[in-house]
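Protein chains in written order, with this note's numbering: chain A, 145 to 314; chain B, 145 to 314. Backbone N, C-alpha and C fix where the C-beta goes; we use that ideal spot for every residue, glycine too. Predicted model, so just to flag it, every value in this text is computed and none were measured.
2 protein chains.
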Amino acid sequence: MSAEKTREQTLRIGDLARIAGTTPRTIRYYEEVGLLPETGERAAGRHRLYTQAEVERLQEVMRLKDLLGLTLESLKELLAAEEARAEVRAQLRRENVTPARRRELLVEASGHLDRQLELVRVRAAELSKLQDELSETRKRVRRKIRELDARSEATFPPQPPVAASAKGRP
Amino acid sequence: MSAEKTREQTLRIGDLARIAGTTPRTIRYYEEVGLLPETGERAAGRHRLYTQAEVERLQEVMRLKDLLGLTLESLKELLAAEEARAEVRAQLRRENVTPARRRELLVEASGHLDRQLELVRVRAAELSKLQDELSETRKRVRRKIRELDARSEATFPPQPPVAASAKGRP
DNA sequence: ATTGATCCTTACGTTCACGTAAGATTCGAG
DNA sequence: CTCGAATCTTACGTGAACGTAAGGATCAAT
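See below:
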């Protein structure tokens with residue numbers, strides 16, 4: 145056999161960290177708490193090796209963490225969906241799986257996806273509401289400013305309009 | 145003067161905590177780090193008293209913290225908008241403020257609102273994208289399930305459809 | 001005035017999510 | 001094989017955001 149099976153871009157922990165925008169320590173920690181799978185068959189002391197799949201998994205974890213603001217523990221539960229779907233893909237390759245078993249896994253994944261979606265929906269709705277409220281408030285404030293300017297227009301030279309956004313550095 | 149000025153529903157810290165769904169400790173902590181104003185003129189040892197305005201302020205703080213996932217420090221900066229607007233209202237009552245000063249405060253508030261809105265917009269967009277992706281994935285998973293069911297329909301009795309959502313308790 | 005509930009301040013404790021340091025080991029290049 | 005860079009394990013440290021406990025004071029009702 146030619147050396148092709150193991151040659152699917154094996155990254156080391158530092159590379160993975162740079163790509164995902166985090167640190168090796170964080171990756172090891174996520175592995176420790178079960179958010180990332182322990183990189184298969186690794187005798188103690190050997191370096192961890194990652195593939196593209198792990199890059200995506202890590203990025204997904206970080207995105208969910210950021211957007212949903214969950215603890216790593218809750219995140220772990222929520223991410224059962226990914227595992228179920230990974231299971232399906234793995235069993236697909238092995239091909240010796242009954243349709244009944246496949247259905248089981250798919251239904252499981254679907255249920256987890258339902259939970260994720262529900263969480264995301266609620267938050268998206270809340271954020272959207274907040275956005276509307278802020279827009280509304282901003283509109284009122286700006287209207288008041290214009291009113292003030294209109295009143296003084298008679299006696300003073302026109303004031304400069306409000307800048308759309310402060311573009312300088314904080 | 146009749147005793148009406150001080151009679152606008154004075155809550156104690158425990159009441160405020162219950163209403164806002166938090167604890168007295170948290171409220172004191174928020175006051176300590178400057179997220180909540182120190183309840184006006186309080187000699188050491190006396191109980192804190194709150195009004196409806198503080199209820200809303202606290203709820204707003206908690207909402208932003210939850211939805212944006214910021215540190216209390218960043219939140220403090222962000223909430224400068226509220227203070228600017230509170231200033232405007234306060235000065236409105238005193239009535240001896242020049243239009244120029246009012247305009248200044250309003251412009252300041254408007255700028256802070258811009259910053260808030262930008263933050264909220266970005267997050268709302270990200271969440272919305274995530275929601276779409278999850279919906280898409282879920283659709284694909286369900287389609288696969290239906291395909292499996294269709295295939296087995298010839299040889300086996302029809303499988304029960306997938307429940308819309310697990311309604312049991314976690 | 002007494003009292004029970006609530007609150008005060010002060011201060012140490014805790015959990016989460018990593019950071020940092022140390023000493024040994026592994027890996028890829030030459 | 002050698003060597004330097006990166007990684008390994010282990011373990012202690014840290015900042016944020018509160019929790020908890022102690023001892024005393026305040027407040028509303030009786």
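Residue i, DSSP secondary structure in three states
i	result
L180/A	coil
T170/A	helix
R186/B	coil
L214/A	coil
Any C-beta of chain A under 8 Å from that of residue i
i	result
K288/B	yes
Q153/B	no
R313/B	Only weak support exists for where R313/B lies, its pLDDT of 40 falling under 50; the value from the coordinates is given anyway. For R313/B, the answer is no, since every Cβ of chain A falls outside 8 Å of its Cβ.
V285/B	yes
Q203/B	no
A294/B	no
V264/B	yes
P243/B	yes
A268/B	yes
L257/B	yes
L250/B	yes
L271/B	yes
R246/B	yes
Residue(s) in a DSSP beta bridge with residue i
i	result
Y194/B	L155/B
Min CB distance residue i to chain B below 8 Å
i	result
A310/A	Model confidence at A310/A stands at a pLDDT of 45, short of 50, so the residue's coordinates are unreliable; what they give is reported in the following sentence. So yes, A310/A belongs to the interface.
I157/A	no
S218/A	no
T281/A	yes
L160/A	no
G213/A	yes
L261/A	yes
E192/A	First, the residue type needs correcting, since residue 192/A is Arg and not Glu in the sequence shown. Not closer than 8 Å to any Cβ of chain B, the Cβ of R192/A fails to qualify, so no.
A253/A	yes
R238/A	no
Q235/A	no
L352/A	With chain A covering only 145 through 314, there is no way to say anything about residue 352/A.
R186/A	no
L179/A	no
A278/A	The question names Ala, yet the displayed sequence has Leu at residue 278/A. Yes - at least one Cβ of chain B is within 8 Å of the one on L278/A.
Span of the alpha helix (DSSP H) around residue i
i	result
E248/B	243-296
E226/A	224-238
Any non-hydrogen atom of the ligand FAD within 7 Å of residue i CB
i	result
A161/A	No copy of the ligand FAD appears in this structure; indeed no ligand is present at all.
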